[in-house]
Each structure stands twice: as structure tokens, then as C-alpha cells.
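**Q**
There are 2 protein chains.
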Amino acid sequence: MADVSVAKSRRMPVMGDVARLAGVSHMTVSRVLNEPESVRPETRERVLLAIEQLGYRRNSAARSLVTRRSQTLGVVCFDTTLYGPASMFNGIVHATEEAGYAVSVASLRRPTADAATQAVQRLVHQSVEGLVLIAPQAAEAMAFVRALPTNIPVVAVENALPNVTSVSVDQVLGARMVTEHLLSLGHETVHHVRGPLDWSEANGRVEGWAAALEEHGRMVPRELVGDWSARSGYAAGQKLVRDPRATAVFAANDSMALGVMRALLDAGARVPEDVSVVGFDDIPEAAFVTPPLTTVSQPFREVGQRSIEILLDEMEGGEAGATSVIPPELVVRDSTSHRRS
Amino acid sequence: MADVSVAKSRRMPVMGDVARLAGVSHMTVSRVLNEPESVRPETRERVLLAIEQLGYRRNSAARSLVTRRSQTLGVVCFDTTLYGPASMFNGIVHATEEAGYAVSVASLRRPTADAATQAVQRLVHQSVEGLVLIAPQAAEAMAFVRALPTNIPVVAVENALPNVTSVSVDQVLGARMVTEHLLSLGHETVHHVRGPLDWSEANGRVEGWAAALEEHGRMVPRELVGDWSARSGYAAGQKLVRDPRATAVFAANDSMALGVMRALLDAGARVPEDVSVVGFDDIPEAAFVTPPLTTVSQPFREVGQRSIEILLDEMEGGEAGATSVIPPELVVRDSTSHRRS
DNA sequence: GGTAGTGAAGTTAACGCTAACATCGTCCGT
DNA sequence: ACGGACGATGTTAGCGTTAACTTCACTACC
Chain A
1 MADVSVAKSR
11 RMPVMGDVAR
21 LAGVSHMTVS
31 RVLNEPESVR
41 PETRERVLLA
51 IEQLGYRRNS
61 AARSLVTRRS
71 QTLGVVCFDT
81 TLYGPASMFN
91 GIVHATEEAG
101 YAVSVASLRR
111 PTADAATQAV
121 QRLVHQSVEG
131 LVLIAPQAAE
141 AMAFVRALPT
151 NIPVVAVENA
161 LPNVTSVSVD
171 QVLGARMVTE
181 HLLSLGHETV
191 HHVRGPLDWS
201 EANGRVEGWA
211 AALEEHGRMV
221 PRELVGDWSA
231 RSGYAAGQKL
241 VRDPRATAVF
251 AANDSMALGV
261 MRALLDAGAR
271 VPEDVSVVGF
281 DDIPEAAFVT
291 PPLTTVSQPF
301 REVGQRSIEI
311 LLDEMEGGEA
321 GATSVIPPEL
331 VVRDSTSHRR
341 S
Chain B
1001 MADVSVAKSR
1011 RMPVMGDVAR
1021 LAGVSHMTVS
1031 RVLNEPESVR
1041 PETRERVLLA
1051 IEQLGYRRNS
1061 AARSLVTRRS
1071 QTLGVVCFDT
1081 TLYGPASMFN
1091 GIVHATEEAG
1101 YAVSVASLRR
1111 PTADAATQAV
1121 QRLVHQSVEG
1131 LVLIAPQAAE
1141 AMAFVRALPT
1151 NIPVVAVENA
1161 LPNVTSVSVD
1171 QVLGARMVTE
1181 HLLSLGHETV
1191 HHVRGPLDWS
1201 EANGRVEGWA
1211 AALEEHGRMV
1221 PRELVGDWSA
1231 RSGYAAGQKL
1241 VRDPRATAVF
1251 AANDSMALGV
1261 MRALLDAGAR
1271 VPEDVSVVGF
1281 DDIPEAAFVT
1291 PPLTTVSQPF
1301 REVGQRSIEI
1311 LLDEMEGGEA
1321 GATSVIPPEL
1331 VVRDSTSHRR
1341 S
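Read top to bottom, the protein sequences are chains A and B. The letter at position 102 of the first sequence is residue 102 when you use the working numbering, and the numbering goes up by one with no holes. The letter at position 231 of the second sequence is residue 1231 when you use the working numbering, and the numbering goes up by one with no holes.
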């Protein structure tokens, strides 16, 4: 009881309180906090001491009211349960905090233009100073761009939007590497289980895969469509197992690759003896599943961190619209082998 | 003159602008926004129209300066790359947005008391009105509690802290179910690969496992320690494979279970014929790995959502300190089977 | 018909901070 | 020794909202 009343009566100290204790004006306190060099060391020490004694913390609402800056960056994301987005989100949050900004998140329940617009609006309303988009669905992207307030800098990760700065891993290259790896093992062609139609990453992977096949003069099989989940990979695998020409499968991510392998195994086919399977992402479990999965490693965290670097640069007047592409890396394990028969 | 008006219209409109256009005072505008019923419908319409025309948005900094509320909840998290935390985070963000609050995130790079304190401070400084802790390390927990400002409501997920409201899945029960499932299959005892020593979830699982074994009068083998990663599970598996009595292994999460299975397989043991393996979490891939993994399903998203419900309730004066426990569910797949001698 | 009561709007004063200007010594060059 | 420049601090005036009054017109009642 006593605790409560004490806590209540003890109002949070404000600049004026600090000033009084230090024997200066509140403006000097403000200066100590904002441009310490402009205050005489002796005075500064006194103020700092008073701040410490009172446990003073500057009120950020008042500060941003007058400066019109919030020291906050906004992150729009869709599903942070997927390994890739989750890792990028982590990288983004860390980098943002390191830079002294707060992180405000808006999440999209559904990939609709409306939801996207709302999310951006919400963040803008919080006066974020910059925006990071982790929402790789192309349809959305368009909505975003329309909803964007021209005055605030934006960076999109893993999604090339017109007129928006973006950072991404070279999906086309990654898919190329996978396809050529498989071709080099003697497979006649490579089948592909792609990601959702509206994800730009999925499209990039399809592009690289098809391009590599065409360059080698191979047949380009019709791709199967998944939704990134192992379950959808399983469904695709069930179809593939009926096609004797499908000796090599490139799944657009590791989860789907797992599903494909499961379907193959359930149907009595062996991996990699009968069918080689490759994933994408290199989730931490990839090396430990059965068989250990050949896949493409993406530096997700770095992508996230890099996006913040670029965003901050843009906020300080750097030019926008640049596109930064980071190369992925093929990791060969045991789910791929030379074609037999 | 024209310049001036253009310049003015370029500036974000404020309440006064809306008021002028609607022919009322700024206070009426404020009322329309805060307590619409107190304004005559006719006037209200006029104001609403003016708001629409000007594209007016209330300045949240000014608002929170005077109300001393930020309409923001803070989330402290450690590693949102792990499936569990990522899912809970998702649930939390969704529920928070649904309730009309903004979400501010602070992430811990390292599980130290210092980092924890800083993270909480950062959020408090942003005047969050409530705090959710997704940081299941016990050591940390203590630091949090100490750093906690007594006046702002806190909910911890997956971590029972003294005097702090918490929501969690019944880890002890889950581990019990696993152990009894294995025992019922005829295994003499169950070996355990636990999670990090400072995670309360890991401790709960150890507790349930040991209790179940003891109740059945079985030997309680010394547990091996992992760090949740498949790699650490692999290391544990390499040790277990040398012990002929280890016919049933309970890994504290699915990733480690995968690592254990890999090590077993690499050493020539078959799963489940020679050794049964169980995980925990039921990651979406669990049903599709080889062999499909028996595990415990946890309603992560619901835990996240529930934590927000409770937090909001507490913010509205509900009593704090309650503990909400949600039961998990055993999912039997193919990585467990009767003991064969 | 006068007065209290009501509902709807307006006025004023914070909220805690920073920008911009004002003040006041002090040091300098000539 | 004097005016100007400079460095350190103080004073004042908002930033855009809401809380707390105040005003005013209109109703209701004895």
C-alpha cells in the first residue's frame, strides 16, 4: 500500500528538476544531452550528476513533438515464422538498435493491397523516419508503392520494387547454381517445385532455373507450385514420383524439399540414388535431415543488416533507388548424386 | 500569397486547420476524434469531412505528450529465429495490432543481465504501456525483474517469473507425455537431451521427464545438454549411440531430435527400429522428415495472443501475477516404436 | 417569467522539450 | 583602453494535443 502511494506521488523528473538540482537553466540540461561540447566541462559534470541522481530520462514524446523526428524505424513484415524472413528480421532489429533507433513493427495478416496500405499507414502515423519492407509478394509490392508517402525513405528486402531501394540475394544466380550442379551430375533435366506465384523470390528462382536449362539446351519441365510448406512439397513430390524422367528435383526452399523427399521415400524411391533433391535457404537443420540436404545458403542476417545501413544512408540524404544484390552459395550435401541407370 | 498558402498546404495539417475548414474550434475536432457522441451529429459530419479533405492525421507525439500514454506495447525478445519464439512473436504482434496498439521491439543480442536491462530501459523510454517478455532464460529473468519499473504491466511468455504474470505451455506435462509414451512402448528407460541450462522451458522438460521415470521406478539417466540446435543434437547423439541401453531418446526440441537421429543413422543405428526418438515443438517440417518425427505440439501463436489479452486486461486494472498454463499435445509419428531386443 | 439545469461548443493552459534569439562576461587586436 | 567577436548560458516562444474550465443558448419547472 505504502509502496503504491509513494510510487504515485513521485512524478517522473523533468528537465526543470534536473536544472534546479544542478543550478542551471533547463536549456543547459538540454544542451548537455544534445550537444555536450557546447557546455563547459565543469557545468556538464554537474548536470550529468543531477541526471544520475534523479534518474532522469528525457521524454521522447515531447522531444519528437518539437523535433519532428521519432528516432524510430518501421518494419513491415508478413510472416516471420519462415526461416528466411525471421532471420532477416533479426538482422534488421539488431542493426536498427545498434544505430540508436527504435523498431516499430507492423505485420500483415493477409497479403492484400489493403492490409499493406494499412500497415504502412499505421507506421507512418507513428512518424517512423524510415521503412523496411520484408514482404516479398509482388502484388503487395505494388500496393505499397502506391501507399508510400513520398517523403519517407524506404528499403525493400528481397523484393525489387520500381523506384524503391532494395537489398536482396541473387535468386537467379542461386537457382542457376543448383540447376548446373544437377546437370553436371548427369541428369537429363531438372524438375522444379516453385514457391507461390506472387513471391518475387520464387519467380527469381524459376527464372534462374529455366535459364540454366535453356542454356544447356535441355527440356524445361512444367514447374509445380508450392506454398513454401513441407506439406505442399509433399503434394508436389507425389506427382513427380509418377514421372520417370524426374531424376532431379529442385525445390524452391528447404521445407518443400523435405516434403518432396518424404513423398519420394513413401513411394519407394530412394534419395539420392533414384532421385536427387535440392532445396534453397540452408536452414540450420538442413545438414542433419535424412539425407543431409544439398541447398543454397543465403546470408539472411547480412541482408537485414545491409538494408538498415542503406536506409540510414538514405535518411541522411544518400540517393535512393539503388539495388544491392548479394550472392548466395551452393552447399552440396548428400541429397544429390550422379544419375544412375 | 500564393506561395504562402502552397507552403502551408505542404505542411502536415493540424487540428487547427481542420477546425478552420469545418468552421469550429480545434477542441471540437479533438472531441470528434475522442468522444464522438459528445458532438452534435451535424457538426461531427462537417468535421469528419474536413478531416477527410485535408487528409488529416492526429500527431501521436503531441497526443502522447499530453495523455502520457503511447498506445504502444513493447516486446522484448532474444532470438526470433527459433520456431517457437518466432511463432509466439507473430501471435503477439497480430493480437497487439488488433487491439489498436503499436508494437515496439527490443532484441537481446546476448543473454546477459545487462543487455536485458538495457532492452527494457529502451522500451520504457519509449513510454510503452505494457511489456511482453519472450526471453525464456532464467538468469535473465531475474535481471528483468529487477530492472522492471513497478508501474508498467508485464507479461512473460514461457517463463515463470516471481511476481510477474505469465503465460506458458505446460512443459512438465508435455515431457511427461513423451516419457510415458516411450515407456508404454516397452523401453526400459528414456534418455534425454535437454536444452540450455538457463532456459526455463528446458528445465520444465527435464522435470517432467525425470518425474515420469521415477514414478515408474525407472533409472533416470544423466541428461545430455544441447543448445536447441540440430548440431548440438548431433553431438549428443554421437554419445548416446555408444550406450546400448539408450533405446529411447527424448530430445528437448525437434531440431535436436533431428541431430540425434542423424548421429544415430550415421553410426549405423536405425530409427525407430533400434532407437526411438522424440522431439518437442512440432515444427511444420516434423511430419515430413525421415522418419516422420514423434513430437509434442505447442500452440505457440495462441500463447502469444493470450499473453496480449492478459496484458491488456492488466493494463485496465486487472490483477497481476496470475499464471496461465496451456496444455500441449503429443503427436505420435514414425520415429518411435516398440522396443525390439 | 425568472432561474436553475442541461448540452454543445469555445478558451485557456499545460504537457516536456528544443529552436532561436538575447544576454553577459571575457579576450582580442589596434 | 575600447569596440567587436566569441563562448557560455539564460529567456521566450512554440510544437499539436487534451484537460479543465467557461460561455452561451436553450429547455424545463414552479
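For each residue, glycine too, the CB sits at the ideal point set by N, CA and C.
Taking 9 Å as the cut-off, decide whether the C-beta atoms of Leu1197 (chain B) and Val1190 (chain B) are in contact.
**A** No.
**Q** In angstroms with no decimal places, state the Cα-to-Cα distance between Val1303 (chain B) and Ser1025 (chain B).
**A** Distance between the alpha carbons of Val1303 (chain B) and Ser1025 (chain B) is about 46 Å.
**Q** Mind listing which residues of the region 216-234 of chain A have their C-beta closer than 9 Å to chain B's C-betas, in chain order?
**A** So the list reads Ser229, Ala230, Arg231, Gly233 and Tyr234, given in the order they occur along the chain.
**Q** Give the residues from the region 102-118 of chain A that approach chain B closer than 8 Å (Cβ to any Cβ), ordered along the chain.
**A** Cβ contacts with chain B come from Ala102, Val103, Ser104, Val105, Ala106, Ser107 and Arg109.
**Q** State yes or no: is the beta carbon of Asn1163 (chain B) nearer than 9 Å to at least one beta carbon in chain A?
**A** Taking Cβ atoms only, chain A never reaches closer than 9 Å to Asn1163 (chain B), which makes this a no.
**Q** Can you tell me whether Val1006 (chain B) is buried or exposed? The criterion is at least 16 other CB atoms within 10 Å of its CB, across all chains shown.
**A** Residue placement at Val1006 (chain B) is flagged as unreliable, the pLDDT there being 36, under the threshold of 50; the coordinate-derived value follows with that caveat. Exposed, since its Cβ has fewer than 16 Cβ neighbours within 10 Å.
**Q** Anything in chain A within Cβ reach of Pro1284 (chain B), meaning under 9 Å, just list it in chain order.
**A** Residues of chain A passing the Cβ test: Thr81, Ser229, Ala230, Arg231 and Ser255.
**Q** Buried or exposed for Asp1003 (chain B), please, with buried defined as at least 16 other CB atoms from any protein chain shown within 10 angstroms of its CB.
**A** Only weak support exists for where Asp1003 (chain B) lies, its pLDDT of 33 falling under 50; the value from the coordinates is given anyway. Exposed: under 16 other Cβ atoms inside 10 Å.
**Q** So, does the region 260-275 of chain A touch the region 309-316 of chain A, judging by three or more C-beta pairs under 8 Å?
**A** Too few Cβ pairs lie closer than 8 Å, so no.
**Q** Taking the C-alpha atoms as reference points, what is the distance between Ala1235 (chain B) and His125 (chain A)?
**A** So the alpha carbons of these two residues sit roughly 50 Å apart.
**Q** Check the Cβ of Leu89 (chain A) against every Cβ in chain B and list those closer than 8 Å, keeping chain order.
**A** Reading off the sequence, residue 89 (chain A) comes out as Phe, not Leu. Under the 8 Å cutoff, chain B gives Thr1080.
**Q** Run through the DSSP bridge pairs and tell me what Ser1168 (chain B) is partnered with.
**A** Paired residue(s): B:Val1325.
**Q** When DSSP labels each residue in this structure, what does Arg333 (chain A) get in the three-state scheme?
**A** Note: Arg333 (chain A) maps to coil in three-state DSSP.
**Q** Can Thr1096 (chain B) and Val1120 (chain B) be called in contact, C-beta distance under 9 Å?
**A** No, the Cβ-Cβ distance between Thr1096 (chain B) and Val1120 (chain B) is not below 9 Å.
**Q** Between the C-alpha atoms of Cys77 (chain A) and Thr1247 (chain B), what's the straight-line distance to the nearest angstrom?
**A** Cα to Cα, Cys77 (chain A) sits roughly 44 Å from Thr1247 (chain B).
**Q** Could you tell me if Ser38 (chain A) is buried or exposed, where buried requires 16 or more neighbouring beta carbons within 10 angstroms of its beta carbon?
**A** Label assigned to Ser38 (chain A): exposed.
**Q** Following the continuous beta strand (DSSP E) through Leu133 (chain A), name the residue where it begins and the one where it ends.
**A** That run of the beta strand (DSSP E) goes Gly130 to Ile134.
**Q** Quick one: list the residues of chain B neighbouring Leu33 (chain A), beta-carbon separation under 7 Å, in chain order.
**A** Within chain B, no residue comes near Leu33 (chain A); the closest Cβ sits about 13 Å away, beyond 7 Å.
**Q** Run through DSSP, which three-state label would Ala1248 (chain B) get?
**A** Residue state, collapsed to three classes: strand.
**Q** I need the straight-line Cα distance from Pro1328 (chain B) to Gln1298 (chain B), nearest angstrom please.
**A** When rounded, the distance between both Cα atoms is 5 Å.
**Q** In three-state terms, what does DSSP make of Gly208 (chain A)?
**A** In the structure shown, Gly208 (chain A) sits in a helix (DSSP, three-state: H, G or I).
**Q** Is Ala62 (chain A) close to chain B? Criterion is C-beta to C-beta, closer than 9 Å.
**A** Answer yes: the Cβ-Cβ gap between Ala62 (chain A) and chain B drops below 9 Å somewhere.
**Q** How big is the Cα-Cα spacing for Ala1019 (chain B) and Pro1013 (chain B)?
**A** Each residue's alpha carbon lies about 10 Å from the other.
**Q** Taking just the CA atoms, how far does Met1256 (chain B) sit from Gly1000 (chain B)?
**A** A question about residue 1000 (chain B) goes unanswered here, because the residues of chain B that appear run from 1001 up to 1341.
**Q** Pro1284 (chain B) to Ser229 (chain A), Cα distance in whole Å?
**A** For Pro1284 (chain B) and Ser229 (chain A), the distance between alpha carbons rounds to 8 Å.
**Q** With 9 Å as the threshold, decide whether the Cβ of Gln1126 (chain B) is near any Cβ in chain A.
**A** So, interface residue.
**Q** Which one or two residues does DSSP pair with Val154 (chain A) in a beta bridge?
**A** Its beta-bridge partners are A:Leu131.
**Q** Measure the beta-carbon distance from Glu1180 (chain B) to Ala1210 (chain B) and round it to whole angstroms, keeping in mind my assumption that it falls under 8 Å.
**A** With 8 Å as the limit, Glu1180 (chain B) and Ala1210 (chain B) do not qualify as a contact, their Cβ atoms being about 13 Å apart.
**Q** Could you tell me how far apart the beta carbons of Val1275 (chain B) and Leu1224 (chain B) are, in whole angstroms, since I believe they sit closer than 8 Å?
**A** The pair is not a contact, with the Cβ atoms about 14 Å apart (cut-off 8 Å).
**Q** Starting from the Cα of Asp1243 (chain B), find the closest Cα among B:Ser1232, B:Arg1122, B:Leu1033 and B:Arg1222 and give me that residue.
**A** Of B:Ser1232, B:Arg1122, B:Leu1033 and B:Arg1222, the residue nearest in Cα terms is B:Arg1222.
**Q** Kindly list, in the order they appear in chain A, the residues whose Cβ is closer than 8 Å to that of Val997 (chain B).
**A** An answer regarding residue 997 (chain B) cannot be provided, because it is not within the stretch 1001 to 1341 covered by chain B.
**Q** Interface residues of chain A around Glu1097 (chain B) at Cβ under 8 Å?
**A** Here the neighbours are Ala106, Ser107 and Arg122.
**Q** Shortest alpha-carbon distance to Arg11 (chain A) belongs to which of A:Thr43, A:Val47 and A:Arg57?
**A** Minimum Cα distance to Arg11 (chain A) is reached at A:Arg57.
**Q** Could one say the Cβ of Thr1094 (chain B) lies closer than 9 Å to chain A's Cβ atoms, at least one of them?
**A** Before going on, a small fix: residue 1094 (chain B) reads as His here, not Thr. Yes, because at least one Cβ of chain A sits closer than 9 Å to the Cβ of His1094 (chain B).
**Q** Taking CB distances under 9 Å as the criterion, tell me whether Met15 (chain A) reaches chain B.
**A** For Met15 (chain A), the answer is no, since every Cβ of chain B falls outside 9 Å of its Cβ.
**Q** Between Gly1084 (chain B) and Glu1158 (chain B), what straight-line distance do the alpha-carbon atoms span, to the nearest angstrom?
**A** So the alpha carbons of these two residues sit roughly 10 Å apart.
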